[in-house]
Amino acid sequence: MQITWLGHSGFRIEIEEAVLLVDPWITGNPSFPAGREDEAVQGATHLLLTHAHGDHAADAARLAGKLGIKVHCIHELSEWLNGQGAQTVGFGKGGTLELGGARVTMVNAVHSASIDFGDKGLLPAGSAAGFMIAGEGHTIYLSGDTDIMADMAWMAEYHQPDIGILCCGGHYTMDMARAAWAARKWFNFRWVIPCHYRTFPILAQDASVLKAGLPPGVQVIEHEVLDPIRI
Numbered sequence: 001m002q003i004t005w006l007g008h009s010g011f012r013i014e015i016e017e018a019v020l021l022v023d024p025w026i027t028g029n030p031s032f033p034a035g036r037e038d039e040a041v042q043g044a045t046h047l048l049l050t051h052a053h054g055d056h057a058a059d060a061a062r063l064a065g066k067l068g069i070k071v072h073c074i075h076e077l078s079e080w081l082n083g084q085g086a087q088t089v090g091f092g093k094g095g096t097l098e099l100g101g102a103r104v105t106m107v108n109a110v111h112s113a114s115i116d117f118g119d120k121g122l123l124p125a126g127s128a129a130g131f132m133i134a135g136e137g138h139t140i141y142l143s144g145d146t147d148i149m150a151d152m153a154w155m156a157e158y159h160q161p162d163i164g165i166l167c168c169g170g171h172y173t174m175d176m177a178r179a180a181w182a183a184r185k186w187f188n189f190r191w192v193i194p195c196h197y198r199t200f201p202i203l204a205q206d207a208s209v210l211k212a213g214l215p216p217g218v219q220v221i222e223h224e225v226l227d228p229i230r231i
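Numbering of the sequence shown is given in the UniProt record's numbering, commencing with residue 1 and proceeding in unit increments.
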């Protein structure tokens, strides 16, 4: 398995026979290095979106068309993207898709989810979500944008993820201390990868508070954009 951060909340996850692009925001992303889009998206087989905000979804239709792949996301957003010319697969929370041998289940997140990019103002687009991504003997909990929520308790017990990709930059989502509290209370992660941080000055710039708040033995991986992690 290989996990590559694309900056902010974007990831490239190579698992089983799938190459998943999750929330690949590239255009206008200050943490994504210029001129490296092709390297980041080459060979992708599926595109996943946690919700409709521009810092997650603004490039989805363009990249899906460029790569000839489908966008997988909550039903309402999939309908809107389909109207923009993207091929989509809409599904809902609790739904599981098999993508190239990986099992992707949509789970709850607590966050707003309107389409906030383009020239038509705010448009409704379902609700925010996270994903449980299972394959190669591991399960990744990709939280999407969220705060702490009671659902994390049953999600941890039911899916038993060992890898957490957690939003923790604060201001718009839970911060480092809140993410650490949720992780130690409910989850049994071996690895935690922070995201939705370092992009803007208003967000956390390092994961020191997250590291300090997790139990011994949990490895927090702060990696650089486009520097792959192999697990």
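C-beta: ideal position from N, C-alpha, C; glycine also.
Predicted, not measured: the structure shown is a model, and the values here were computed from it.
How would you call residue i, buried or exposed, if buried means at least 16 neighbouring beta carbons within 10 angstroms?
| i | result |
| --- | --- |
| G126 | buried |
| W154 | exposed |
| R178 | buried |
| P24 | buried |
| Y141 | buried |
| D175 | buried |
| T27 | exposed |
| S143 | buried |
| S208 | exposed |
| R230 | exposed |
| A183 | buried |
| A212 | exposed |
| G169 | buried |
| G164 | buried |
With a threshold of 8 angstroms on Cβ separation, who are the neighbours of residue i within its own chain once the five nearest residues in sequence on each side are excluded?
| i | result |
| --- | --- |
| H171 | I202 and L203 |
| T45 | E17, A18, V19, L20, I69, L99 and G100 |
| L122 | S114, I115 and D116 |
| D145 | S9, T50, H51, H53, H56, A109, H111, A128, C167, Y172, T173 and H196 |
| Q219 | R190, W191 and V192 |
Span of the beta strand (DSSP E) holding residue i?
| i | result |
| --- | --- |
| G135 | A129 to G135 |
| E37 | First-last for E37: E37 to V41, but that is the alpha helix (DSSP H), not the beta strand (DSSP E). |
| H46 | H46 to L48 |
| A18 | A18 to V22 |
| G170 | Unbroken run through G170: none, as it is neither H nor E. |
Could you pull the start and end residues of the alpha helix (DSSP H) that residue i belongs to?
| i | result |
| --- | --- |
| L142 | Counting along the chain, L142 falls outside any alpha helix (DSSP H), though it belongs to the beta strand (DSSP E) covering H138 to L142. |
| M176 | M176 to W186 |
| W157 | Strictly speaking, residue 157 in this sequence is Glu, with Trp absent from that position. Run containing E157: D151 to H159, per the alpha helix (DSSP H) assignment. |
| E76 | H75 to G83 |
Report all residues from its chain with a CB closer than 7 angstroms to the CB of residue i; omit the five preceding and five following residues, and keep chain order.
| i | result |
| --- | --- |
| V41 | L21, P24, L63 and L67 |
| A86 | A60, A61, A64, G65 and V71 |
| F32 | L6, G7, I26 and V225 |
| E79 | G90 |
Using CA coordinates, which residue listed in the options is at the minimum distance from residue i?
| i | options | result |
| --- | --- | --- |
| E37 | F11, A52 and H51 | F11 |
| L6 | A212, C195 and A129 | C195 |
| P161 | A61, F200, N29 and W191 | W191 |
| H138 | L49, E14 and H8 | E14 |
| E222 | L123, N188, W181 and C167 | C167 |
| S114 | D206, H159, G54 and Q219 | G54 |
| P215 | K185, E224, L226 and P33 | K185 |
| G130 | D119, I148 and G118 | I148 |
| G135 | L210, V220, T96 and G118 | T96 |
| M152 | L48, N188 and G92 | N188 |
| residue 313 | L48, T199 and A58 | Missing from the structure shown is residue 313; the chain here goes from 1 to 231 and no further. |
Leaving out five residues on either side along the sequence, give the residues of the same chain with a beta carbon under 6 angstroms from the beta carbon of residue i.
| i | result |
| --- | --- |
| V89 | K70 and H72 |
| T105 | T96 and M132 |
Using 7 angstroms as the cut-off, classify the Cβ of residue i as near or not near the heavy atoms of the ligand ADP, replying yes or no.
| i | result |
| --- | --- |
| A177 | This structure simply doesn't include the ligand ADP, nor any ligand for that matter. |
Are the C-beta of residue i and some C-beta of chain C separated by less than 8 angstroms?
| i | result |
| --- | --- |
| D227 | The chain labelled as chain C is not found in the depicted structure, where only one protein chain is given. |
For this session: Return the chain-ordered ranges of every alpha helix (DSSP H) run that is complete within the segment 96-121 and spans a minimum of 4 residues.
Result: Along the length of the segment 96-121, whole alpha helix (DSSP H) runs at least 4 residues long do not occur.
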